[in-house]
Amino acid sequence: MHHLIIQYTCLLAIIIAIVMLAQKIKIAYPILLVIAGLGLGFVPGLRGIEIEPDMIFVIFLPPLLYEAAWSTSWKDFWKWRRVISSFAFIIVILTAGVVALVSSNVIPGFTLAAGFLLGGIVSPPDAVSATTILKNVKVPKRLVTILEGESLMNDAASLVIFRFAAAAIVTGTFAFGQASLSFVLVIVMGVLIGLAIALVFYAIHRWMPTTTNIDIILTFITPYAMYMAAEAFNFSGVLAVVSGGLFLSIRRDNFLTHRSRLQGINVWEAVAFVLNGFVFILIGLEFPVVIKDLGPNGLGPAIRYSAIISGVLIVTRLASTFGAGVFTVFISRYITTADNRPGWKGPLLLGWAGMRGVVSLAAALSIPVALHSGAPFPNRSLILFITFSVILVTLILQGLTLPLLIKWVDMPDPDYTVSFEQQRQLVRKKLSMVTLDLLQNKYAKHLKENDMVKAIKIKIDADMELLADWDKADGKGRAEEFYRDYIMILEDMMHEQRSLLKTLNKKENINDDIIKQQLALLDLEQEKLRQHFSFEEE
């Protein structure tokens, strides 16, 4: 145990160093982590690290899915629900079928069931890689929404396919009709269980005497309760977490206090970062073990089959996204669609953003070692090698070239003709107007007598004046200059205040808790400045 703790502590330090390097050279950190993991797999002290399938499914998957659900915009998700559903279910099933047909015809000894098993493993793209890359480039919001929404839903379809294919190989029997009915049941019941447990935790948060720390701890228990409850009945734990997470995310303002929301976001961002970092570096670490299991004579053919399957996945993904675009144009004659003319740029970018990741890794590693008869599971090492190769090829090839493709395509944002900055100024104007209206109509007496209330109005009046200047052709520069001066002066004031607080803390007659409280208020004020006066556009 002591040795294991040292190993994972070293890995965490390596992950942090690699992520900092990735930020420095502006490359998505999942790519560098996988490459680094490959090299670290040959380091003696780290060579013995092996990934337990249960650790990926039970420990990593529920919190990562839950955090993604909480980060998803329900408004955008609902707007693009048809596209997301088609990508998450139809395209995943189609991709699994194509991989099954190709692999069963190309790879000797590969049955159709083994092909579907492989197809279920490698069919779902991973959004963590894509969205990490897209953060560094300017891309329409709809593409990010579709990729994130797809990744929330596609895991369920792929894992159901994987489950049925594995059962067919292990038991030697497969009934299509029964499997189709079970497919629907697994998805529907997974969603219902997730919503039921979400309602229970909603009630606990809302009506029980919770504190901020209890609220945050409950948010960690929630995804595991959803996942394990659904899996206990052999339903989709993935969809249980996603549906329950979306349900609670939409209602977060109703049952969480402002402190729980602020602290919870910070905690969850850190946890998700660490979990994703471990997953991607473990992919690279495990690859040398997979190569060793193939044996010296199996490596050459395995590389050839991996190249074929990787090519099939990339081509199928591109064909599917363009096919979805053509179908959208056709069906928009009969129903209302979010965009009846998707063009070629969006489908191309969505098609090329199909990197594979954590779910494919977890599914491959969970393949049984032996059949019910006791015989070894056929082609297990080869399936693992192909899966790891697909993850590496798509992450490195598509991941490194996606930013260049986005710049070459230069797709304008068709949904937001008004810039991000203009939208932000409009929202701030409306907030200031409703605040002034409240002060003048409801608190007119306080406005005359209370200097602190007067100070609020003076600040809002000054803000409104600058916002008015922002709209003028020659006013934006002046307003922005004033804002920057304001930020600079406030930050300098807060720096001096921090210095004074640290000096005061050295005195015996000042309680340390008071100093910490004031420092926390300064931190909160600085974060408020950062959020309120950010001049970077999306």
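Our numbering applies: residue 9 is where the sequence shown begins, and numbers increase by one. Just so it is clear, CB atoms sit at the ideal spot from N, CA and C, and this is done for glycine as well.
Three-way DSSP call (helix, strand, coil) for P384 in this model:
If you number the sequence shown from 1, residue 384 lands on position 376. Of the three classes helix, strand and coil, the one that applies to P384 here is strand, per DSSP.
Contact under 8 angstroms by Cβ, V91 with N162
Position 83 of the sequence shown, counted from the start, is the residue given in the question as residue 91. Position 154 of the sequence shown, counted from the start, is the residue given in the question as residue 162. Result no, Cβ atoms of V91 and N162 do not sit closer than 8 angstroms.
Sequence-distant residues of the same chain with beta carbon closer than 6 angstroms to A121, five excluded per side
Indexing the sequence shown from 1 puts residue 121 at position 113. Excluding positions up to five away in sequence, the list reads A173, A176, I177.
If the criterion is Cβ atoms closer than 8 angstroms, does the pair A36 and G407 meet it?
For this step, residue 36 is matched to residue 28 along the sequence shown. For this step, residue 407 is matched to residue 399 along the sequence shown. In this structure, A36 sits near G407, with a CB-CB distance shorter than 8 angstroms.
Consult DSSP for A332 and reduce its assignment to one of helix, strand or coil.
Looking up residue 332 in the sequence shown gives position 324. Three-state DSSP puts A332 in a helix.
Same chain only: Cβ atoms within 6 angstroms of L40, ignoring 5 sequence neighbours per side:
Position 32 of the sequence shown holds residue 40. Once the five neighbours on either side are set aside, the close Cβ partners of L40 are I26, A30.
Quick check: what's the CA-CA separation for N519 versus D531?
Counted from its first residue, the sequence shown places residue 519 at position 511. Counted from its first residue, the sequence shown places residue 531 at position 523. Between N519 and D531, the C-alpha separation is close to 19 angstroms.
According to DSSP, simplified to helix, strand and coil, what is A378?
The residue given as residue 378 occupies position 370 in the sequence shown. Looking at A378 - three-state DSSP - the assignment turns out to be strand.
Could you tell me the boundaries of the alpha helix (DSSP H) in which P355 lies?
On the sequence shown, position 347 is the one that residue 355 refers to. 353–360 is the extent of the alpha helix (DSSP H) around P355.
Compute the Euclidean distance between the alpha carbons of P309 and V51, then round it to the nearest angstrom.
Position 301 of the sequence shown, counted from the first residue, corresponds to residue 309. Position 43 of the sequence shown, counted from the first residue, corresponds to residue 51. Distance between the alpha carbons of P309 and V51 is about 26 angstroms.
Please state whether DSSP places E535 in a helix, a strand or coil.
To locate residue 535, count along the sequence shown from 1; it is residue 527. The answer is helix: DSSP assigns E535 an H, G or I state.
How about V249 and G202: do their beta carbons lie closer than 8 angstroms?
Taking the sequence shown and counting its residues from 1, one reaches residue 249 at position 241. Taking the sequence shown and counting its residues from 1, one reaches residue 202 at position 194. Cβ distance < 8 angstroms, so V249 and G202 count as in contact.
By Cβ distance, which residues of its chain are closer than 6 angstroms to P355, with the 5 residues on each side in sequence left out?
Counted from its first residue, the sequence shown places residue 355 at position 347. Here the set comprises T329, F330, G333.
On the DSSP letters alone, give me the boundaries of the alpha helix (DSSP H) that S257 sits inside.
Your numbering for residue 257 matches position 249 in the sequence shown. Here the alpha helix (DSSP H) through S257 covers 245–258.
From Y313 to R325, what distance separates their C-alpha atoms?
Within the sequence shown, the letter at position 305 stands for residue 313. Within the sequence shown, the letter at position 317 stands for residue 325. Cα to Cα, the separation comes out at about 18 angstroms.
Please classify E473: is it buried, with 16 or more other beta-carbons within 10 angstroms of its beta-carbon, or exposed?
Within the sequence shown, residue 473 is the residue found at index 465, counting from 1. With fewer than 16 Cβ atoms within 10 Å of its Cβ, E473 is classed as exposed.
Proximity to A44 [Cα-Cα], best of L439, L293, L537
Counting from 1 along the sequence shown, the entry for residue 44 is found at position 36. Nearest option by C-alpha distance: L293.
Residues of its chain near A240, where Cβ-Cβ distance is below 6 angstroms and the 5 sequence neighbours each way are ignored
By 1-based counting over the sequence shown, the position of residue 240 is 232. For A240, where only same-chain residues beyond five positions count, there are no Cβ hits under 6 angstroms.
Where the alpha helix (DSSP H) containing Q271 begins and where it ends:
Working through the sequence shown from its first residue, we reach residue 271 at position 263. First-last of the alpha helix (DSSP H) with Q271: 266–302.
Using only the alpha-carbon positions, how far apart do L46 and T103 sit?
For this step, residue 46 is matched to residue 38 along the sequence shown. For this step, residue 103 is matched to residue 95 along the sequence shown. T103 has its alpha-carbon roughly 28 angstroms from the corresponding atom of L46.
Integer-rounded CB distance, given that S368 should sit under 8 angstroms from I141:
Residue 141 sits at position 133 when you count from the first residue of the sequence shown. Residue 368 sits at position 360 when you count from the first residue of the sequence shown. Contact flag wrong, Cβ pair sits at about 18 angstroms.
What does a CB cutoff of less than 8 angstroms around Q271 pick up in its chain, not counting 5 residues either side in sequence?
In the sequence shown, the residue the question calls residue 271 occupies position 263. Closer than 8 angstroms at the Cβ level, and outside the excluded window around Q271, lie T220, I224.
Looking at the unbroken alpha helix (DSSP H) that takes in M234, where does it start and where does it end?
Here residue 234 refers to the residue found at position 226 when the sequence shown is read from its first residue. It spans 220–240 - the alpha helix (DSSP H) in which M234 sits, taken as one unbroken run.
7 angstroms CB neighbourhood of A238 in its chain, flanking five on each side removed:
Along the sequence shown, read from residue 1 onward, the residue named residue 238 stands at position 230. The answer, listed in chain order, is G198, I201, G202, S244, G245, A248.
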